[in-house]
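Heads up: the sequence shown runs through residues 3 to 224, numbered per our numbering.
The beta-carbon is built from N, C-alpha and C at its ideal position, and this holds for glycine as well.
The structure displayed is predicted, hence computed values, not measured ones.
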Amino acid sequence: MSLKASVEGVRQIDTSVWRAELNPSEVRRLGNTQSNWGHLSVLIVNNPTFLSERAQLEFELSGIKVLNVGNASDVIIISTSDEESKAELLTNEICEPQITIDANGDIRFLKELKELSPFMGRIGGILIQKIRREFHGSLKYHEKSRMYVESPVNFWAVRVQPRDKSLLISIYGSPPDYTKVKETINVKRGRTGYSTFKIKTIEEIDTAIGIIRYAFNLKRRR
Numbered sequence: 003m004s005l006k007a008s009v010e011g012v013r014q015i016d017t018s019v020w021r022a023e024l025n026p027s028e029v030r031r032l033g034n035t036q037s038n039w040g041h042l043s044v045l046i047v048n049n050p051t052f053l054s055e056r057a058q059l060e061f062e063l064s065g066i067k068v069l070n071v072g073n074a075s076d077v078i079i080i081s082t083s084d085e086e087s088k089a090e091l092l093t094n095e096i097c098e099p100q101i102t103i104d105a106n107g108d109i110r111f112l113k114e115l116k117e118l119s120p121f122m123g124r125i126g127g128i129l130i131q132k133i134r135r136e137f138h139g140s141l142k143y144h145e146k147s148r149m150y151v152e153s154p155v156n157f158w159a160v161r162v163q164p165r166d167k168s169l170l171i172s173i174y175g176s177p178p179d180y181t182k183v184k185e186t187i188n189v190k191r192g193r194t195g196y197s198t199f200k201i202k203t204i205e206e207i208d209t210a211i212g213i214i215r216y217a218f219n220l221k222r223r224r
């Protein structure tokens, strides 16, 4: 039987998005994260139950993902049942106006996409949310190449392409490694030991995740 938690004094601010107050130490008890900056804490929960008459949100402890622990009591809680709400939150609520090169790379990446267009912000939000379901690292921004590189294990990276509003994704391995998994996406040779492909639509994200997952397994085997 799964253990459940509840948060009181919750205010719904959008479909599948709520605001509440928890101090940072309470948020840390719900899960670990490498992201600790800004004032806002962010939780993703799996299929919570919102009791509007009690202003209360209930969810299983096993279904919690802590994205960020802020330095104040302000918390955003997002249901995994609505990916667009998550994308909007990640690109609007977390991203403060000034972000340095040392800030969390996932957030910097999403801010860059949001500034390009709201649609690209949604693509980036959904991509990162799906990536972090499986891989608990974070992107690190490299100013010279303008690439966001996965850390601590470099098996994929991404660069924003403003001209054609696309994401150029770099993956470990050569194109022949991806013959069986690339489906409709064109995987090309990149720098030594890596390949690249582009995505421009939400519909391409699941295929991209499959390719990135394959890159992780490929690097782990080698």
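Measure the C-alpha to C-alpha separation of residue i and residue j and round it to an integer number of angstroms.
i	j	result
R56	N48	20 Å
V29	S81	16 Å
L118	A210	21 Å
I15	K182	43 Å
R223	V9	42 Å
R148	P177	23 Å
R215	P164	26 Å
N219	Q131	19 Å
S18	S27	24 Å
Check whether the Cβ atoms of residue i and residue j sit closer than 9 Å, and answer yes or no.
i	j	result
I78	W20	yes
S43	D76	yes
L59	G126	no
I1	Y180	The shown model of the chain, from 3 to 224, leaves out residue 1, and the question about it has no answer.
N25	V68	no
M192	K142	Checking the displayed sequence, the identity of residue 192 turns out to be Gly instead of Met. No. Outside cutoff.
Y150	K221	no
K167	F137	no
V162	G139	no
Between the options, which lies nearest to residue i when the distance is taken from Cα to Cα?
i	options	result
Y196	A217, G11, E205	A217
V160	I46, I201, E23, L45	I201
T194	E205, R215, I204, S172	S172
E152	R224, F61, F111	F111
E205	K146, T186, N219	T186
R134	I109, F61, E145	I109
Should residue i be counted as a contact of the ligand NAP given a C-beta to heavy atom distance under 8 Å?
i	result
P164	In terms of ligand content, the structure shown is empty, and the ligand NAP therefore cannot be addressed.
Ignore the nearest five residues each way along the sequence and tell me which others in residue i's own chain have a CB closer than 7 Å to its CB.
i	result
N188	F199
D208	none
K146	none
H144	V151
Keeping to the same chain, check which residues put their C-beta closer than 8 Å to that of residue i; ignore five residues upstream and five downstream.
i	result
E23	G11, S75, D76, V77
S54	Q14
L32	A7, L45, L63, I66, V68
T203	I125
K190	P177, S197, T198, F199
Round the Cβ separation of residue i and residue j to the nearest angstrom and send it over; I've been treating them as touching at under 8 Å.
i	j	result
N73	H41	6 Å
Output needed for residue i: all residues of its chain with C-beta closer than 6 Å, excluding positions within five of it in sequence on either side, in chain order.
i	result
T51	E60
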